[in-house]
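Okay, structure first, notes after.
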Amino acid sequence: MNIEPAIESRFARLFNRKHKQIRFKYRLLTARQRVLPNFLILGARYSGTASLVKLINQHPKLHGTFQSQIHYFDGGLARNRDNFLNGESWYRAHFPKRKELAPGHLAFEASTFYSFHPLAAKRLHDLIPDVKIIFVLRDPVQRAIHQYNDAKRQNHEYLPMINALQIEEKRLAWTMKNKDYKSGTFLHATYKSRGHYKEQISRYMELFGRDKILLVGIEEFCQNPEKVFSEIYQFLGIDNFVVDTKTFKLPKFKVNDAPDVNNYLQEYFNHRNQSFYEFSGKAFNW
Numbered sequence: 012m013n014i015e016p017a018i019e020s021r022f023a024r025l026f027n028r029k030h031k032q033i034r035f036k037y038r039l040l041t042a043r044q045r046v047l048p049n050f051l052i053l054g055a056r057y058s059g060t061a062s063l064v065k066l067i068n069q070h071p072k073l074h075g076t077f078q079s080q081i082h083y084f085d086g087g088l089a090r091n092r093d094n095f096l097n098g099e100s101w102y103r104a105h106f107p108k109r110k111e112l113a114p115g116h117l118a119f120e121a122s123t124f125y126s127f128h129p130l131a132a133k134r135l136h137d138l139i140p141d142v143k144i145i146f147v148l149r150d151p152v153q154r155a156i157h158q159y160n161d162a163k164r165q166n167h168e169y170l171p172m173i174n175a176l177q178i179e180e181k182r183l184a185w186t187m188k189n190k191d192y193k194s195g196t197f198l199h200a201t202y203k204s205r206g207h208y209k210e211q212i213s214r215y216m217e218l219f220g221r222d223k224i225l226l227v228g229i230e231e232f233c234q235n236p237e238k239v240f241s242e243i244y245q246f247l248g249i250d251n252f253v254v255d256t257k258t259f260k261l262p263k264f265k266v267n268d269a270p271d272v273n274n275y276l277q278e279y280f281n282h283r284n285q286s287f288y289e290f291s292g293k294a295f296n297w
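Mapped onto our numbering, the consecutive letters of the sequence shown carry residue numbers 12 to 297.
Structure follows, in structure tokens:
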């Protein structure tokens, strides 16, 4: 058996990891020379945010972060550390230097957790009160099914879907009372809660104002990407740019044909969606 390719592959991974650590140390040393983001993309989890970010990165005037999913304003997912305690310099280290950004160029960050985390909005506003925010949203019924299937696949969930949905509030009660936002329940078993878009986005609108926020439905984007990108570019105040959308795919989810699950979720979200449409001034037709 030839083990050289495996050894070479492992060495390459170790080298790349070490090289990235060294590069980040340099970025920390030059943090004061670096910008804060002009806008953020905050997507509901399993809403196609990562794929949309890849397309936005095609624009020559838009510049993402050193690494994806920084998890600064939510503190990160690991129990043994809190990224927010690393401070502003650590956050700035993920962005370009001022001199590297030509006039009219913008820096941005993307996250699928800031919109849901109760503390993220205020933390963001305290640091960057004039930042613009793009929310990427998906039909909360489909989003919930996708999250459950992923949790089940990763062994974070052991209950049948209908049971997990029905006891979600009971599971979350202790977590929310104790503000344990790194618990497994908060991270993985919030199938319905993450679809409470009105509650989440209102936190940001109260702090930043409606004019700083753009809502994008991923279903509409899939149907008419040129129109949605035009709205995004106008919102950001930059020139239109034609991106290659051939590689874009809406995250797949395993369709659950069980009538009890579909009926339960449709009934649960129907009035919430209508309330969100009225609040946002936009009908997503979920």
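Each residue gets a CB set at the ideal place from its N, CA and C atoms; glycine is no exception.
Under the three-state reduction of DSSP, G195 is assigned to helix.
Rounded to the nearest whole angstrom, the C-alpha separation of H128 and F197 is 9 Å.
Residue pairing by DSSP places E120 opposite L51 in a beta bridge.
The three-state reading of DSSP puts F127 in coil, since its state is none of H, G, I, E or B. Under DSSP, I144 takes part in a beta bridge, and its partners are L51, I224.
Sixteen is the threshold: since fewer than 16 other Cβ atoms of the shown chains lie within 10 Å of the Cβ of Y169, the residue is exposed.
For L73, the CB contacts under 7 Å within the same chain, skipping 5 residues up- and downstream, are I67, L117, F119 in chain order.
In this structure, DSSP gives R45 an extended state, which the three-state scheme calls strand.
Per DSSP, E168 lies in no alpha helix (DSSP H) and is assigned neither H nor E.
The C-beta distance from R149 to S291 rounds to 14 Å, too long to fall under 8 Å, and the pair is not in contact.
Segment contact: the stretch 93-107 against the stretch 268-286, fewer than three CB-CB distances shorter than 8 Å; contact not assigned. In this structure A155 touches K203 by the C-beta definition: roughly 6 Å separates them, less than 8 Å. Of the candidates N166, L138, H167, A131, L138 places its Cα closest to the Cα of L47. Distance from the CA atom of S79 to the CA atom of T186, rounded to whole angstroms, is 27 Å. The three-state reading of DSSP puts H74 in strand, counting E and B together. Under DSSP, the beta-bridge partners assigned to K108 are R45.
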